[in-house]
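Residue numbers (the numbering used here): 76 to 395.
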């Protein structure tokens with residue numbers, strides 16, 4: 076079996092070369108790696124123990140699945156590949172960002188993400204010798220009291236994020252288990268008087284939350300669903316250079332307003348839009364929401380036919 080060829084990276088997140096994995100480890104060359112934190116619907120984090128045969132940090136516990144990028148591999152595709160290989164999961168990834176880590180054992184540019192699953196992990200015996208779901212508070216306490224038991228790079232890159240992730244409100248991608256909650260929120264968005272065919276709604280929900288061209292988010296306060304957002308990427312038109320999309324829905328239950336829920340939903344939609352390259356996302360603001368969007372820094376365009384429902388957009392060409 077041929078040796079894995081790893082991608083060498085600079086500290087700006089760009090590939091600058093490649094080398095055999097054994098050389099990367101022997102010379103501690105700066106490379107790239109992925110890390111994906113996995114939650115279940117109860118908010119627990121999957122923590123696994125590395126096998127004793129691992130070439131770095133054998134036997135330590137880790138709360139992220141990941142590995143080394145191969146030569147020429149897309150970072151986020153690599154993150155999905157590693158998640159599938161280590162834990163047997165194929166859930167959508169939510170990007171956290173990037174970060175740098177270096178010590179005497181490893182040096183890399185990290186691509187960081189999280190995922191929510193309804194499934195039980197299937198462990199890769201060669202790399203993982205065991206694992207279980209930990210309450211977030213218990214994991215954070217263990218990281219503080221016995222940090223030597225855990226992967227130092229994961230703690231450095233993701234420990235602070237993990238501590239902040241559980242704070243209210245929480246926004247995440249929907250899973251199939253959110254059907255009932257999203258249906259209720261959608262009905263409330265329509266004034267509670269709309270008639271919804273349950274089977275048709277279930278089909279639409281399944282299509283949207285599994286689509287690579289849609290973003291369907293749910294927001295929770297103390298674990299209770301209080302809002303949702305929906306955006307769509309329509310893809311490129313005849314003109315080259317950019318794709319266009321639509322921010323369809325944003326709804327927050329009245330009792331949960333002024334708690335930062337709407338802001339977090341919009342920020343999550345904006346972050347998604349920014350990952351799609353040359354992508355323009357537009358929407359119309361309802362009369363009661365215009366001031367909210369303007370407080371977030373978006374400029375209202377009132378040149379259309381409906382001055383009380385101005386247009387807004389996220390356009391990388393203008394920085395808006």
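Think of the CB as a built atom: it goes at the ideal place given N, C-alpha and C, for glycine as much as any other residue.
* Asked: For the putative contact between residue 306 and residue 356, defined by C-beta atoms under 8 Å, what is the C-beta separation to the nearest angstrom?
  -> On the chain shown, residue 306 is found 231 positions in, with the first residue counted as 1. On the chain shown, residue 356 is found 281 positions in, with the first residue counted as 1. At roughly 6 Å, the Cβ-Cβ gap stays under 8 Å, so residue 306 and residue 356 are in contact.
* To do: Could you give the DSSP three-state label for residue 257: helix, strand or coil?
  => Counted from its first residue, the chain shown places residue 257 at position 182. Helix.
* **Three-state secondary structure (DSSP) of residue 207** => Within the chain shown, numbered from 1, the residue matching residue 207 stands at position 132. Three-state DSSP puts residue 207 in a strand.
* Over the uninterrupted beta strand (DSSP E) stretch that includes residue 284, give me the two end residues. => Along the chain shown, read from residue 1 onward, the residue named residue 284 stands at position 209. Not the beta strand (DSSP E): residue 284 falls in the alpha helix (DSSP H), residues 273-285.
* Status (buried if at least 16 other CB within 10 Å, exposed otherwise) for residue 207 -> The residue you call residue 207 lines up with position 132 of the chain shown. Residue 207 should be labelled exposed.
* Out of 91, 166, 102 and 140, state which residue places its alpha-carbon closest to the alpha-carbon of residue 51. => An answer regarding residue 51 cannot be provided, because it is not within the stretch 76 to 395 covered by the chain.
* If you draw a straight line from the alpha carbon of residue 128 to that of residue 172, how long is it in whole angstroms? -> One-based indexing of the chain shown puts residue 128 at position 53. One-based indexing of the chain shown puts residue 172 at position 97. Their Cα atoms are separated by approximately 29 Å.
* So what's residue 152 in DSSP terms, helix, strand or just coil? -> Position 77 of the chain shown holds residue 152. Helix at residue 152.
* Helix, strand or coil at residue 188 according to DSSP, with G and I counted as helix -> Counted from its first residue, the chain shown places residue 188 at position 113. Strand, per DSSP.
* C-alpha gap between residue 394 and residue 373, whole angstroms -> In the chain shown, residue 394 corresponds to position 319, counting from 1. In the chain shown, residue 373 corresponds to position 298, counting from 1. Residue placement at residue 394 is poorly supported in this model, since its pLDDT is 49, which falls under 50; the coordinates still yield a value, given next. Answer to the nearest angstrom: the Cα atoms are 10 Å apart.
* To do: Since I believe residue 108 is in contact with residue 144 (beta carbons under 8 Å), could you give me their beta-carbon distance rounded to a whole number of angstroms?
  => One-based indexing of the chain shown puts residue 144 at position 69. One-based indexing of the chain shown puts residue 108 at position 33. The pair is a contact, with the Cβ atoms about 6 Å apart (cut-off 8 Å).
* **Start and end residues, beta strand (DSSP E) containing residue 340** => Taking the chain shown and counting its residues from 1, one reaches residue 340 at position 265. Run containing residue 340: none in the beta strand (DSSP E); it sits in the alpha helix (DSSP H), 336-349.
* **Inter-residue Cα distance where the pair is residue 35 and residue 309** => Residue numbering for the chain in the displayed model covers 76 to 395; residue 35 lies beyond these limits and cannot be assessed.
* Asked: To the nearest whole angstrom, what separates the beta carbons of residue 168 and residue 196, a pair I think is in contact under 8 Å?
  -> Taking the first residue of the chain shown as 1, we reach residue 168 at position 93. Taking the first residue of the chain shown as 1, we reach residue 196 at position 121. Actually they are not in contact, since the Cβ atoms of residue 168 and residue 196 sit about 15 Å apart, beyond 8 Å.
* Are the beta-carbon atoms of residue 154 and residue 111 separated by less than 7 Å? -> As a first step, residue 154 must be located in the chain shown, where it is residue number 79. As a first step, residue 111 must be located in the chain shown, where it is residue number 36. Taking 7 Å as the Cβ cut-off, residue 154 and residue 111 qualify as a contacting pair.
* Helix, strand or coil for residue 235 per DSSP? -> Within the chain shown, numbered from 1, the residue matching residue 235 stands at position 160. It is helical.
* To do: Under 7 Å Cβ to Cβ from residue 257, same chain only, skipping five residues before and after it: list those, please.
  => Residue numbering aside, residue 257 sits at position 182 when the chain shown is read from its first letter. Taken in chain order, the residues that qualify are 249, 280, 293 and 303.
* Asked: Given a threshold of 16 other Cβ atoms within 10 Å of its Cβ, counted over all protein chains shown, does residue 311 qualify as buried or as exposed?
  -> Position 236 of the chain shown, counting from 1, holds the residue named residue 311. Answer is exposed; the Cβ neighbour count stays below 16.
* Express the C-alpha separation of residue 381 and residue 88 in angstroms, rounding to a whole number. => For the purposes of this step, residue 88 is taken as the residue at position 13 of the chain shown. For the purposes of this step, residue 381 is taken as the residue at position 306 of the chain shown. Their Cα atoms are separated by approximately 44 Å.
* So does the stretch 208-220 actually touch the stretch 113-124, counting three or more Cβ pairs closer than 8 Å? -> yes
* CB residue 385 to CB residue 360, shorter than 7 Å? -> By one-based count along the chain shown, residue 385 stands at place 310. By one-based count along the chain shown, residue 360 stands at place 285. Result yes, Cβ atoms of residue 385 and residue 360 sit closer than 7 Å.
* How should residue 333 be labelled, buried or exposed, when 16 other C-beta atoms within 10 angstroms of its C-beta is the threshold for buried? -> Position 258 of the chain shown, counting from 1, holds the residue named residue 333. Label assigned to residue 333: exposed.
* Whole-angstrom distance between residue 263 and residue 335, CA atom to CA atom -> In the chain shown, the residue the question calls residue 335 occupies position 260. In the chain shown, the residue the question calls residue 263 occupies position 188. Taking the straight line joining both Cα atoms gives about 19 Å.
* **Boundaries of the alpha helix (DSSP H) in which residue 373 is found, first to last residue** => Taking the first residue of the chain shown as position 1, residue 373 is located at position 298. It is not in any alpha helix (DSSP H) - residue 373 carries neither H nor E in the DSSP assignment.
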